[in-house]
Amino acid sequence: MKSDQTIIRKNLMEQLNFITNLLGIKDKNIIILDYLDAGTHKEVIAKLDYPAPKCHNCQEQMAKYDFQKESKIPYLECAGYKTLIRLRKRRFRCKVCGKIAVAETSLVKKNHQIATIVNQKITQKLIEKVPMTAIAESLSVSTSTVIRKLKEFKFKTDLSFLPTHMSWDEYSFKKGKMSFIAQDFDSRKIVAILDGRTQVTIRNHFLRYSGKVRSRVKVITMDMFSPYYALAKQLRFRISRLRLKQSTGLFHFKM
């Protein structure tokens, strides 16, 4: 007859296996250890472990060393709750040259903190033209993360055309650095994504267009208190109307 401890252990393993399947984690080397209710979200405690590989440096056999400090990986919602995976990755040490290596997984790219499936979801939502701030909120990532994914798409600048109604905005791309985004307000197509937001950066970009093309622009939507109005006049956009906005939710993505 099975002991109570054996039954409890079996039930726990079944629950953890169920959670693994529910989250869609395919990597068999990831072992879920616990599942916590943090109130506002769920937390999955897991480890990544597998046999020691050959050393990439000297090709000799490595040995299991210790575990890396846990990585906090935002994941897709589960049962209506935001989910965070706390993953500890096995470290390996070469017996010969002493090099250290960290276990790798398909769950998240090497040296990244965002799950692969979350990056895929960001791409999907960008294609669906969901506002970037809404994407960041729903997937528990920063707006700069969404912008980095957006910048992976290759935009071909058409110097023969500018929309009659543009939107101008800025986002925090890196710590202490802002990016500039221009968009066709009506079609929601991206016109430009610039690494900086300085007037020199923006002016130099739009001066690549001829005066005739720039004269097509009649309306620019931008933030209240924006310094861009004076810049727009310098670029000789024939602005008949300036539209102010108070939110950054106007920006969408179009392939």
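Sequential numbering from 837 applies to the sequence shown in the working numbering.
Note that CB positions come from ideal geometry on N, CA and C, so glycine has one too.
What you are looking at is a predicted structure, and each value in this text was computed from that prediction instead of being measured.
- Collapsing the DSSP output to three states places glutamate 879 in a strand.
- A contact between stretches requires three or more CB pairs, one per stretch, nearer than 8 Å, and the region 916-928 meets this requirement with the region 861-880.
- Residue range 917-930 is occupied by the beta strand (DSSP E) that includes tyrosine 917, with no alpha helix (DSSP H) assigned at that position.
- Within the DSSP bridge table, the entry for threonine 941 names Val944 as partners.
- Around the beta-carbon of arginine 1033, 16 or more other beta-carbon atoms lie within 10 Å, marking it buried.
- Proximity to lysine 900 across Ala888, His892, Asn893 and Ser907 peaks at Ala888, based on C-alpha coordinates.
- Around the beta carbon of isoleucine 963, a 10 Å sphere encloses fewer than 16 other beta carbons of the protein chains shown; the residue is thus reported as exposed.
- Between phenylalanine 903 and arginine 922, the C-beta spacing is not below 7 Å.
- The beta strand (DSSP E) runs of length 3 or more contained entirely in the region 954-1025 are, from start to end of the chain, 1001-1010 and 1013-1020.
- By the Cβ criterion, the region 928-945 is not in contact with the region 965-974, since fewer than three pairs of Cβ atoms, one from each stretch, lie closer than 8 Å.
- Tyrosine 1065: member of the alpha helix (DSSP H) spanning 1064-1070, first to last residue.
- The shortest CA-to-CA distance from isoleucine 1029 to any of Ser1023, Met1014 and Asp1022 is the one to Met1014.
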